[in-house]
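Engineer: Below you'll find the structure I mean.
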């Protein structure tokens, strides 16, 4: 159901009227201002649509049969994509097989797809809110889908949890009502009582289900998820919302401007080791955005989900989250200043460790130091020319065959002496370290792999054998850092190497994790996890 159409509500919507948690008003009594405005907007849209329809009929502008009237009601900027698959030529037959509207539109000037050709009609089936009850921290509800969605294994019943955690933080979570699903094991803060004076109010649409979040002081609608249907299948989760302005930041990591364009712009979030080019996904994934409202207030939204995802921005202004697993676990931060939004965000995800003072100094690093003598020559040149330098780094050049926790005894034999000299001059030394452990050394010759294998500390295939990929040293196994025992083994490796080369810091690289082959040395195995029904937008053929 679109935001510019009247929301369907019932008498049951009045059950939970309370401060900070008011349901959407029913149609009885005095009409709410937003409903009056919605009606006026609908009339305006209808009039303009009829005008466009007449002009296109006269000019012969439609390609194929005239779209149904319900499709013509949806303005171009409000068309939420019903067929977002990348590299897929969307035909009218494919689109209508999903029950959606098909109206071709011109490409953007740069050749990108702009207005979706296939979009949701106003009456597309979604979930309905069957029940809503008070809890100690907020509310809990049951969502039910009456009709199957077009992605496989859609989930019929969902649990809605709404928690008023602080006066400036709201927590909304949507999960499978019957079966547990993967959730990010992040140690998020747990509150014991609901906020007493929240600066926000929450309303609900019952059928179709939707959440409307407003800032009390200004009445600004921060979220309105009724603009497009909620879809919750096993490997495709999608929820859309309107936005109160076009001033949106965040959703890293990408190469581009800080202020995102909402001109049909899709951003992929999935950690990938690649050079920063275009707008493709890079080394980190940060499913968080900060939005500046028209009046100068700011708010932020964080989706706690670690699956591959994409965020589609459009000039409604609106936004669509799509992810291929997990749950929809949102934290909304009300600020109201940008700095306060970031503080509230960090209270959930945790604060970074305080760096040592020398970490804020002048560092020198490069790939391509051919030897420890080559590195030493650079350090001496810096001193001779009186250029400040607090820290010297080395890339994987120092390793023996690019293997972690080893030293090239020929080219970098004098590295321990170099580090000692740095320390005498009050300087520090940092080495690079990768998570891939070489698996090709003769048995008994490389302790990191031999011991990791003995303790069972590597990521395994479904057959229980270490998954072998390929990184700088060649074929490698990957440490399973989700296993607490791996931490101790990794520490022991560091201690052994530090006794020989007393480094001061680590440059941890290739942690996306990076892999030079697809999946493993044998490729990606067949199966739904490696071949999901939907793949977020990406560079090349894999994410």
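Numbering (UniProt numbering), first residue to last: 1 to 543.
Virtual Cβ for every residue (Gly too), placed ideally from N, Cα, C.
All values derive from a computational prediction rather than experimental measurement.
Would you report the Cα separation of residue 213 and residue 166, rounded to the nearest angstrom?
Structural biologist: 15 Å
Engineer: What is the residue span of the alpha helix (DSSP H) that residue 376 lies within?
Structural biologist: 372-384
Engineer: Looking only at its chain, what residues have a beta carbon closer than 7 Å to the beta carbon of residue 408, apart from the 5 residues adjacent to it on each side?
Structural biologist: 398, 399 and 400
Engineer: Are the CB atoms of residue 485 and residue 457 nearer to each other than 8 Å?
Structural biologist: yes
Engineer: Please classify residue 351 as buried or exposed, where buried requires at least 16 other C-beta atoms within 10 Å of its C-beta.
Structural biologist: Flag for residue 351 reads exposed.
Engineer: May I ask you to list the residues that DSSP assigns as paired with residue 466?
Structural biologist: 460
Engineer: Could you check where the alpha helix (DSSP H) with residue 493 kicks off and where it finishes?
Structural biologist: That run of the alpha helix (DSSP H) goes 484-498.
Engineer: To the nearest angstrom, how far is the alpha carbon of residue 199 from that of residue 126?
Structural biologist: Looking at the backbone, the Cα of residue 199 and that of residue 126 are separated by about 30 Å.
Engineer: If distances are taken between C-alpha atoms only, which option among 117, 130, 469 and 66 comes closest to residue 91?
Structural biologist: 117
Engineer: Check for me: the alpha helix (DSSP H) holding residue 339 runs from which residue to which?
Structural biologist: 338-349
Engineer: Express the C-alpha separation of residue 249 and residue 347 in angstroms, rounding to a whole number.
Structural biologist: When the Cα atoms are used, residue 347 and residue 249 turn out to be separated by approximately 19 Å.
Engineer: For residue 362, which option in 418, 427 and 381 has the closest C-alpha, if you only look at C-alpha atoms?
Structural biologist: 427
Engineer: Just to confirm, is the Cβ distance from residue 501 to residue 430 under 8 Å?
Structural biologist: no
Engineer: To the nearest angstrom, how far is the alpha carbon of residue 119 from that of residue 483?
Structural biologist: 44 Å
Engineer: Taking buried to mean at least 16 other C-beta atoms within 10 Å of its own C-beta, is residue 46 buried or exposed?
Structural biologist: Low confidence applies to residue 46: its pLDDT is 49, below 50, so where it sits in the model is not reliable, and the reading given next is rough at best. Around the beta carbon of residue 46, fewer than 16 other beta carbons sit within 10 angstroms, so the residue counts as exposed.
Engineer: Roughly how many whole angstroms lie between the Cα atoms of residue 146 and residue 156?
Structural biologist: 7 Å
Engineer: By alpha-carbon positions, which one of 375, 330 and 233 ends up nearest to residue 324?
Structural biologist: 233
Engineer: Decide if residue 493 is buried, meaning its Cβ has at least 16 other Cβ atoms within 10 Å, or exposed.
Structural biologist: Sixteen is the threshold: when 16 or more other Cβ atoms of the shown chains lie within 10 Å of the Cβ of residue 493, as they do, the residue is buried.
Engineer: So is residue 385 buried or exposed if we call it buried at 16+ other beta carbons inside 10 Å?
Structural biologist: exposed
Engineer: Can residue 271 and residue 280 be called in contact, C-beta distance under 8 Å?
Structural biologist: no
Engineer: Look at the alpha carbon of residue 521 and the alpha carbon of residue 468, and state the distance between them as a whole number of angstroms.
Structural biologist: Going by C-alpha positions, residue 521 is about 6 Å away from residue 468.
Engineer: Looking at the structure shown, is residue 188 part of a helix, part of a strand, or coil, going by DSSP?
Structural biologist: coil
Engineer: Less than 8 Å separating the beta-carbons of residue 285 and residue 269?
Structural biologist: yes
Engineer: With 16 as the cutoff for other CB atoms within 10 Å, does residue 354 come out buried or exposed?
Structural biologist: Looking at its Cβ environment, which holds fewer than 16 other Cβ atoms inside 10 Å, residue 354 is exposed.
Engineer: Please list the segments of the beta strand (DSSP E) lying wholly inside the region 148-236, counting only runs of 3 or more residues, in order along the chain.
Structural biologist: 157-166, 169-176, 200-205, 210-215, 221-224 and 231-233
Engineer: Residue range of the alpha helix (DSSP H) that residue 417 falls in?
Structural biologist: First-last of the alpha helix (DSSP H) with residue 417: 415-424.
Engineer: Would you decide whether residue 308 is buried or exposed? Buried here means 16 or more other CB atoms lie within 10 Å of its CB.
Structural biologist: buried
Engineer: Kindly indicate which residue of 172, 312 and 424 has the alpha-carbon position closest to the one of residue 83.
Structural biologist: 312
Engineer: Express the C-alpha separation of residue 403 and residue 459 in angstroms, rounding to a whole number.
Structural biologist: 18 Å
Engineer: Taking the CB atoms as reference points, tell me whether residue 369 and residue 288 lie closer together than 8 Å.
Structural biologist: Cβ atoms of residue 369 and residue 288: not closer than 8 Å.
Engineer: Could you name the residues that DSSP lists as bridge partners for residue 118?
Structural biologist: 102
Engineer: Please name the residue or residues paired with residue 437 in a DSSP beta bridge.
Structural biologist: Answer is 477.
Engineer: Look up residue 131 in the DSSP assignment and say whether it is helix, strand or coil.
Structural biologist: strand
Engineer: Give me whichever residues DSSP pairs with residue 142 in a beta bridge.
Structural biologist: Answer is 131 and 159.
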